[in-house]
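First the structure, in the form of structure tokens, and then the observations on it.
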Amino acid sequence: MKKSKKMLWPLTLLVLLVFALAACTKEQPSLNEKAQAAPEQQAASAKPVQQEGKKVTKDTKIALISEFTSGTHAAQYITGVTKAAKKAGVQLSVSDSNNDQSKMAAYLDTAINQNVDGIMIDHGRAETLEPGVKRAIAKGIPVIATDVELKVEGVTTIDQDDYMLALQGLKQMMQDINGKGNIVYAFVGGFAPMEKRDSIYKIMMNRYPDVKQIATFGSATDNTSLDTQNKMAAVLKQYPNKGDIAAVWAPWDEFAKGVTRAIKEAGRDEIKVYGVDLSDEDLQMMQAKNSPWKASAAVNPASVGEKQVDLLLKKISGQEIPRYYSFDPVLVKQTDLPNQTINMDQLSQYVEEWGKKE
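Residues -22 to -1, 1 to 336 in mature numbering (1 follows the signal peptide of the UniProt record, and there is no 0) are what the sequence shown lists, from first letter to last.
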């Protein structure tokens, strides 16, 4: 009988996930309520547009348009992009929009007008970017996007499988707190990855009725980590007793860093933190003595950057590439890590799957 129940739970979760994925047809809130969404049927039938190939040389120019580059995770993604471009011997320009959507659209227009050979987009809002992306495709400039859902024919989208990232982290959290207790949720909408992770959060909260969300907060700013730290400190004052809060779900490492620092400063190390994303700094915080940061589900951000350049150069040279490319995330637990401080390059020595999954 016990075995039967164990078999039913994965099946039930799988069914719920299928419905969740089907429901997530719009990943980001609209900036303009009158904006018309692209028909789902058209998006579903989108196929890569084969451009006439050209040889990749030292004169090949590619541009990265990023919504933000602040934070250690974003920095390591940029490192991956830069490393791959240097290895290929191509010219790379990087534009940081500092979370300003109008700047991001303007940078995209500039790259198009400069007739670059290829464009990479990192984050952003679909409704802001799609007009420019359509112009780029019409001019024969290939576009590879990461962490933004662009319903434009010919664009390849890279993601970290945000549904699985959330599922891995949340499963570990629910297991560690025995499926009961009060939790805090750090969240900000408007980003495709966060919206996807939120859909899994809702499913898991429904699955565990004895887990109660008592506070939620979050914003994407020039200093997200510090802002999060201050907000978490206020929550801790509101719930001052040990046992008031069992865990914090922080599906962005900037959130996880902020709540971890607040918990440490308040001496509330009994509260467990679970996150998404990893960087060198994140690993060091997880490894610190009595760190509340227990686990993070992640994909190597440098690998994402490298793959984005690789796919773009293949597209420029006329090779066929997939419409979608999704990485396989790995759950990294505090108990996996050694006593000595390590960095992302050394992680595969202690988490075997890290070096094998892409």
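All C-beta atoms in this analysis are idealised placements derived from N, C-alpha and C, irrespective of residue type, glycine included.
Presumed contact (8 Å Cβ cut-off) between Gly257 and Gln312, rounded CB distance: Note on identity: in this sequence residue 257 is Ser, with Gly being the wrong assignment. Your pair Ser257 and Gln312 does not check out as a contact, with CB atoms roughly 15 Å apart and the cut at 8 Å.
Three-pair Cβ contact test at 8 Å for the region 248 to 268 versus the region 293 to 305: Because the criterion of three Cβ pairs below 8 Å is not met, the region 248 to 268 and the region 293 to 305 do not touch.
Between the CA atoms of Glu284 and Val68 - distance to the nearest angstrom: When rounded, the distance between both Cα atoms is 13 Å.
Beta-bridge partners of Ala144, as assigned by DSSP: Answer by DSSP bridge pairing: none, since Ala144 is not bridged.
Coarse secondary structure for Phe195, derived from DSSP in three states: The three-state reading of DSSP puts Phe195 in strand, counting E and B together.
CB of Tyr163 within 8 Å of CB of Tyr141, strictly: No, these two residues do not count as a Cβ contact at 8 Å.
For Tyr303, the nearest candidate out of Lys112, Asp95, Asp125, Asn77 (CA to CA): Nearest to Tyr303 by C-alpha distance, out of Lys112, Asp95, Asp125, Asn77, is Asp125.
Sequence-distant residues of the same chain with beta carbon closer than 7 Å to Pro120, five excluded per side: Same-chain partners within the cutoff: Gln29, Gly96, Leu290, Lys293, Ile294.
Backbone CA spacing between Lys209 and Ile115 [nearest angstrom]: If I take the Cα positions, the gap works out to 43 Å.
Chain D within 8 Å of Ser304, Cβ atoms only: No chain D is part of this structure, which consists of one protein chain only.
Beta-carbon contacts of Ile90 that lie in its chain and below 8 Å, excluding the five residues immediately before and after: Only residues of its own chain outside the window of five on either side were considered, and among them Ile97, Gly110, Arg113, Ala114, Lys117, Ile119 have a CB closer than 8 Å to the CB of Ile90, listed in chain order.
Rounded separation between Leu261 and Met322 - CA only: Whole-angstrom Cα-Cα distance: 8 Å.
Burial state of Glu232 (16 or more Cβ within 10 Å): So Glu232 counts as buried.
Cut-off 7 Å between Cβ atoms - residues of its own chain near Asn317, not counting five sequence neighbours on either side: Correct list: empty, nothing qualifies.
Three-state class that DSSP yields for Ile294 in the structure shown: Three-state result, Ile294: helix.
Residues near Lys39 in its chain [Cβ-Cβ closer than 6 Å; skip 5 each side]: Here the set comprises Gln69, Val94, Asp95.
Euclidean distance between Cα positions of His51 and Thr35: For His51 and Thr35, the distance between alpha carbons rounds to 30 Å.
Check whether Trp227 and Leu148 have beta carbons under 8 Å apart: For Trp227 and Leu148, yes; Cβs fall inside 8 Å.
Inter-stretch contact (C-beta, 8 Å, three-pair minimum) for the region 196 to 211 and the region 42 to 51: Taking 8 Å as the limit for Cβ pairs, the verdict is that the region 42 to 51 does touch the region 196 to 211.
Cα-Cα separation between Ile181 and Arg175, rounded to whole angstroms: Cα to Cα, Ile181 sits roughly 10 Å from Arg175.
Among Ala84, Lys33, Glu248, Ala266, nearest to Asp154 - alpha-carbon criterion: Among Ala84, Lys33, Glu248, Ala266, the Cα nearest to that of Asp154 belongs to Glu248.
Which of helix, strand or coil DSSP assigns to Asn219: Here Asn219 sits in coil by DSSP.
Leu309, enclosing beta strand (DSSP E) - first and last residue: Note, Leu309: beta strand (DSSP E), 308 to 311.
Residues that Thr135 bridges to, as DSSP identifies them: Partner(s): Ala123, Tyr302.
Contacting residues, own chain, Cβ-Cβ under 8 Å from Tyr186 (five flanking each side not counted): Non-local C-beta neighbours of Tyr186 in its own chain, meaning closer than 8 Å and more than five positions away in sequence, comprise Met152, Gly157, Lys158, ordered along the chain.
Where the beta strand (DSSP E) containing Ala275 begins and where it ends: Counting along the chain, the beta strand (DSSP E) containing Ala275 begins and ends at 271 to 276.
Whole-Å CB distance - Arg43 paired with Leu86, under 8 Å assumed: The identity of residue 43 in the sequence shown is Ile, whereas the question assumes Arg. Under the criterion of beta carbons closer than 8 Å, Ile43 and Leu86 qualify as touching, at roughly 5 Å.
Assigned exposure category for Gln92 - 16 Cβ within 10 Å defines buried: The Cβ neighbour count for Gln92, taken over all protein chains shown within 10 Å, is under 16; the residue is labelled exposed.
Buried versus exposed, by CB contacts within 10 Å (16 or more), Asn138: Note that residue 138 is Gln in the sequence shown here, rather than Asn. The residue is buried, with at least 16 neighbouring Cβ atoms inside 10 Å.
Buried versus exposed, by CB contacts within 10 Å (16 or more), Lys33: Exposed, because fewer than 16 other Cβ atoms sit within 10 Å of the Cβ of Lys33.
Classification of residue 338 by the beta-carbon crowding that lies within 10 angstroms, buried from 16 upward: No statement about residue 338 is possible, as the shown extent of the chain runs from -22 to 336 and does not include it.
Residues of its chain near Leu143, where Cβ-Cβ distance is below 6 Å and the 5 sequence neighbours each way are ignored: The beta carbon of Leu143 sits closer than 6 Å to those of Val254, Ala275, Pro307, all from its chain and outside the five residues before and after it, given in chain order.
Burial state of Val237 (16 or more Cβ within 10 Å): By the 10 Å Cβ count, Val237 comes out buried.
Exposure label - Ala212; buried when at least 16 CB within 10 Å: Classification of Ala212: exposed, given that the 10 Å Cβ count is below 16.
Sequence-distant residues of the same chain with beta carbon closer than 6 Å to Ala280, five excluded per side: Excluding the 5 residues flanking it on each side, Ala280 has same chain C-beta neighbours closer than 6 Å at Gln54, Thr57, Gly58, in chain order.
Residue 337, buried or exposed, once every other Cβ within 10 Å from all chains shown has been counted against 16: Since the first and last residues shown for the chain are -22 and 336, residue 337 lies out of range.
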